[in-house]
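Chemist: The opening residue of the sequence shown carries number 81 in the working numbering; numbering runs sequentially from there.
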Amino acid sequence: MKVPVEKRTENTEIIGMELAIPPLMPKILVVDDDPTILKLISLIISRRHLTCDTAAGIRSAKSLMEKNRYDIVFLDLMLPDGSGFDLLEERLSFNRSAVVVIITGEQVLDTAVQVIRNGAYDFITKPFSLALFEERLARVVEEWHSRVRYQYYQTHLEGLVGAMTDKLLQTSAQIDRIYDMTVAALGAALDLRDPETEDHCWRVAENSVLLGKTLGLSQVDQRNLRWSAYLHDIGKIGIPEHILSKSTGLSGEEMELVKVHPLLGFKMISNIDFLKGATDVVLFHHEKYDGSGYPYGLKGTDIPLAARIFAIIDAMDAMIYDRPYRKALPFSLFVEELKKQAGRHFDPELVRKFLEFPEMSWRIEEKTERNHRQLHSPQ
């Protein structure tokens with residue numbers, strides 16, 4: 081039975097223009113060979129005033145996907161006519177941006193790592209409680225909303241830039257200003273709304289450019305470094321929220337999932353034309369100078385300069401500012417750690433350059449009030 085729902089439209093203002101996002105009503109498919117599971121999940125979904133279609137196997141699921149574009153898919157791995165992996169791998173058969181959640185009786189996190197790498201958003205192990213599924217459903221729907229916002233922004237990004245550019249004088253400085261505002265709006269669209277996260281992203285962007293200037297980076301390289309540093313963790317939007325918000329330490333398998341986020345972030349911004357030169361920090365910010373980092377284990381100067389600069393700035397920010405789990409540490413302790421990790425985590429030559437400047441050079445939050453902070457490309 082179809083349950084009527086009230087359609088919602090989001091109106092989002094971006095760089096001075098109102099962007100109306102279409103009604104946000106996800107179309108849901110549940111694939112499981114257990115009639116009881118299908119009935120239970122359908123009931124939970126209907127209680128949220130949503131509707132879903134159901135399929136008991138690969139064949140019937142493909143038939144439905146040929147006729148409908150599904151936004152959220154709950155997919156059992158063990159099906160009578162094949163494996164859910166087969167359906168997951170054939171992503172061209174349905175909406176590429178669908179939020180896929182795997183349902184499995186295998187309580188093995190190796191399976192979870194595999195499905196996340198194959199494109200799934202999350203996984204649920206059987207048996208599951210009603211409360212657990214309701215919680216996961218809420219997260220999945222919110223994840224879909226975030227993806228819709230992101231895709232809509234991405235689709236209209238260049239158009240918005242062009243529209244605003246037509247209203248301004250055609251100078252490179254003003255165009256860069258529009259790009260800066262667009263990067264900030266992209267961050268907001270991807271749920272970088274937490275004040276602590278926003279402050280961190282702004283500080284590391286500003287300080288990365290400050291260090292980059294001392295190294296003689298060109299204005300174009302400074303601009304790309306600023307954008308890439310600001311968006312460095314954007315790929316975490318593709319990591320399950322319950323892992324990112326976990327208060328205890330991550331298991332090895334969960335850490336493997338988190339390590340995917342640089343690749344996800346790279347995929348997100350490399351498709352935006354004016355950000356194609358601003359991907360180095362996003363993709364390589366977890367590489368280490370001695371080759372022990374990820375995702376590629378690059379070593380020494382094989383790591384792009386922007387990422388080596390950011391590594392120092394990000395480590396400083398993590399230590400000398402308050403964190404949810406501890407208070408800020410003295411700058412002197414960071415300096416000790418920086419010297420200790422030179423040649424291991426950090427480029428020793430960049431460490432030497434960084435240490436030429438006093439602590440107050442990096443305390444930029446004391447120079448600019450929060451309400452007046454904006455991304456600015458070098459002039």
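From the three backbone atoms N, C-alpha and C, an ideal C-beta is built for every residue, glycine too.
Can you find the residues in the same chain that come closer than 8 Å, C-beta to C-beta, to residue 273, ignoring five residues on each side of it along the sequence?
Modeler: Here residue 273 corresponds to residue number 193 of the sequence shown, with the count starting at 1. Because residue 273 carries a pLDDT of 43, less than 50, the predicted location of this residue cannot be relied on, and no value is offered for it.
Chemist: Using alpha carbons as the reference points, say which of 429, 408, 117 and 336 lies closest to residue 193.
Modeler: Counted from its first residue, the sequence shown places residue 193 at position 113. Residue 193 has its Cα closest to that of 336, out of 429, 408, 117 and 336.
Chemist: Is there contact between the segment 308-323 and the segment 429-445, where contact requires at least three CB pairs shorter than 8 Å?
Modeler: Counting C-beta pairs closer than 8 Å gives fewer than three between the segment 308-323 and the segment 429-445, which falls short of the contact rule.
Chemist: Using the Cα positions of residue 225 and residue 262, report the straight-line distance between them to the nearest angstrom.
Modeler: Position 145 of the sequence shown, counted from the start, is the residue given in the question as residue 225. Position 182 of the sequence shown, counted from the start, is the residue given in the question as residue 262. Going by the C-alpha atoms only, they are around 20 Å apart.
Chemist: Any heavy atom of the ligand HEM closer than 7 Å to the beta-carbon of residue 409?
Modeler: The ligand HEM is absent from the structure shown, which contains no ligand whatsoever.
Chemist: For the putative contact between residue 179 and residue 223, defined by C-beta atoms under 8 Å, what is the C-beta separation to the nearest angstrom?
Modeler: On the sequence shown, residue 179 is found 99 positions in, with the first residue counted as 1. On the sequence shown, residue 223 is found 143 positions in, with the first residue counted as 1. Between residue 223 and residue 179 the Cβ distance is about 5 Å, and since that is below 8 Å, they are a contact.
Chemist: How many angstroms separate the CA atom of residue 366 from the CA atom of residue 375?
Modeler: Position 286 of the sequence shown holds residue 366. Position 295 of the sequence shown holds residue 375. The straight-line gap from Cα to Cα measures roughly 7 Å.
Chemist: Would residue 154 and residue 221 be called neighbours here (beta carbons separated by less than 8 Å)?
Modeler: Residue 154 sits at position 74 when you count from the first residue of the sequence shown. Residue 221 sits at position 141 when you count from the first residue of the sequence shown. The answer is no: Cβ separation not under 8 Å.
Chemist: Could you spell out where the alpha helix (DSSP H) holding residue 155 opens and where it closes?
Modeler: As a working note, residue 155 is residue 75 in the sequence shown. Looking at the DSSP string, residue 155 is not in any alpha helix (DSSP H); the run it does join, the beta strand (DSSP E), is 152-156.
Chemist: Taking the alpha-carbon positions, what's the residue 422 to residue 294 distance?
Modeler: Residue mapping note: residue 422 aligns to position 342 of the sequence shown, counting from 1. Residue mapping note: residue 294 aligns to position 214 of the sequence shown, counting from 1. Between residue 422 and residue 294, the C-alpha separation is close to 19 Å.
Chemist: Does the pairing of the segment 333-350 with the segment 382-398 give three or more beta-carbon distances under 8 Å?
Modeler: In short, these stretches do not touch, since the Cβ pair count stays below three.
Chemist: Would you mind sorting residue 300 into buried or exposed? The rule is 16 or more other CB atoms within 10 Å of its CB.
Modeler: As a first step, residue 300 must be located in the sequence shown, where it is residue number 220. So residue 300 counts as exposed.
Chemist: Using only the alpha-carbon positions, how far apart do residue 151 and residue 350 sit?
Modeler: Stepping through the sequence shown from its first residue, residue 151 is reached at position 71. Stepping through the sequence shown from its first residue, residue 350 is reached at position 270. Going by the C-alpha atoms only, they are around 23 Å apart.
Chemist: Which of the three DSSP states, helix, strand or coil, is assigned to residue 179?
Modeler: In the sequence shown, the residue the question calls residue 179 occupies position 99. Note: residue 179 maps to strand in three-state DSSP.
Chemist: Residue 144 bridges to which residues according to DSSP?
Modeler: For the purposes of this step, residue 144 is taken as residue 64 along the sequence shown, with counting starting at 1. DSSP output for residue 144 lists no bridge partner at all.
Chemist: What would DSSP say about residue 162, mapped onto helix, strand or coil?
Modeler: Stepping through the sequence shown from its first residue, residue 162 is reached at position 82. Reduced to three states, the DSSP call for residue 162 is strand.
Chemist: Among 195, 255, 162 and 361, which has the Cα closest to the Cα of residue 292?
Modeler: Start at 1 with the first residue of the sequence shown, and residue 292 comes out as number 212. Checking every option, the nearest Cα to that of residue 292 belongs to 361.
Chemist: Give the range of the beta strand (DSSP E) segment to which residue 330 is assigned.
Modeler: Your numbering for residue 330 matches position 250 in the sequence shown. From DSSP, residue 330 is part of no beta strand (DSSP E); its letter is neither H nor E.
Chemist: Which whole runs of the alpha helix (DSSP H) in the segment 362-430 are 4 residues long or more, in chain order?
Modeler: 385-400 and 411-421
Chemist: Just reading off the alpha helix (DSSP H) that residue 110 is part of, what are its end residues?
Modeler: Numbered from 1 along the sequence shown, position 30 holds the residue referred to as residue 110. It is not in any alpha helix (DSSP H) - residue 110 instead sits in the beta strand (DSSP E) that spans 108-111.
Chemist: Pull up the DSSP beta-bridge partners for residue 133, would you.
Modeler: The count along the sequence shown starts at 1 and reaches residue 133 at position 53. Its beta-bridge partners are 109.
Chemist: Nearest to residue 309 by alpha carbon, out of 283, 329 and 379?
Modeler: In the sequence shown, residue 309 corresponds to position 229, counting from 1. The residue from 283, 329 and 379 with its alpha-carbon nearest to that of residue 309 is 283.
Chemist: Measure the Cβ-Cβ separation of residue 440 and residue 414 and say whether it is below 8 Å.
Modeler: For this step, residue 440 is matched to residue 360 along the sequence shown. For this step, residue 414 is matched to residue 334 along the sequence shown. No, the pair does not count as a contact, with Cβ atoms beyond the cut-off.
Chemist: CB-CB under 8 Å to residue 45, same chain, minus the five flanking residues each way: which ones, in chain order?
Modeler: Missing from the structure shown is residue 45; the chain here goes from 81 to 459 and no further.
Chemist: So residue 195 and residue 104 are supposed to be a Cβ contact under 8 Å. How far apart are they, rounded?
Modeler: On the sequence shown, residue 195 is found 115 positions in, with the first residue counted as 1. On the sequence shown, residue 104 is found 24 positions in, with the first residue counted as 1. Contact annotation, residue 195 with residue 104: C-beta distance approximately 26 Å; criterion of less than 8 Å not satisfied.
Chemist: Applying the criterion that 16 or more other CB atoms from any shown protein chain within 10 Å of the CB defines a buried residue, is residue 164 buried or exposed?
Modeler: Looking up residue 164 in the sequence shown gives position 84. Burial call: buried.
Chemist: Over the uninterrupted alpha helix (DSSP H) stretch that includes residue 346, give me the two end residues.
Modeler: Working through the sequence shown from its first residue, we reach residue 346 at position 266. Per DSSP, residue 346 belongs to the alpha helix (DSSP H) from 341-350.
Chemist: Find the nearest neighbour of residue 392 within the set 120, 377 and 289, judged by alpha-carbon distance.
Modeler: Here residue 392 is taken as the residue at index 312 of the sequence shown, counted from 1. Of 120, 377 and 289, the residue nearest in Cα terms is 289.
Chemist: Can you check DSSP and say which residues form a bridge with residue 202?
Modeler: For the purposes of this step, residue 202 is identified with residue 122 of the sequence shown, where counting begins at 1. 181, per the DSSP bridge assignment.
Chemist: Determine, using beta carbons only, whether residue 160 and residue 113 come nearer to each other than 8 Å.
Modeler: By one-based count along the sequence shown, residue 160 stands at place 80. By one-based count along the sequence shown, residue 113 stands at place 33. Yes, the Cβ-Cβ distance between residue 160 and residue 113 is below 8 Å.
Chemist: If I measure Cβ to Cβ from residue 324 and keep anything under 7 Å in the same chain, skipping five residues before and after, which residues do I get?
Modeler: By one-based count along the sequence shown, residue 324 stands at place 244. Excluding five sequence positions before and after residue 324, the CB atoms of its chain that fall closer than 7 Å to its own CB belong to 316, given in chain order.
Chemist: Applying the criterion that 16 or more other CB atoms from any shown protein chain within 10 Å of the CB defines a buried residue, is residue 341 buried or exposed?
Modeler: By 1-based counting over the sequence shown, the position of residue 341 is 261. Burial call: buried.
Chemist: Roughly how many whole angstroms lie between the Cα atoms of residue 125 and residue 258?
Modeler: Working through the sequence shown from its first residue, we reach residue 125 at position 45. Working through the sequence shown from its first residue, we reach residue 258 at position 178. If I take the Cα positions, the gap works out to 41 Å.
Chemist: For residue 214, does the three-state DSSP call read helix, strand or coil?
Modeler: On the sequence shown, position 134 is the one that residue 214 refers to. Note: residue 214 maps to helix in three-state DSSP.
Chemist: How about residue 108 and residue 130: are their beta carbons less than 8 Å apart?
Modeler: Taking the first residue of the sequence shown as 1, we reach residue 108 at position 28. Taking the first residue of the sequence shown as 1, we reach residue 130 at position 50. It is a contact, given that the beta carbons lie within the stated cut-off.
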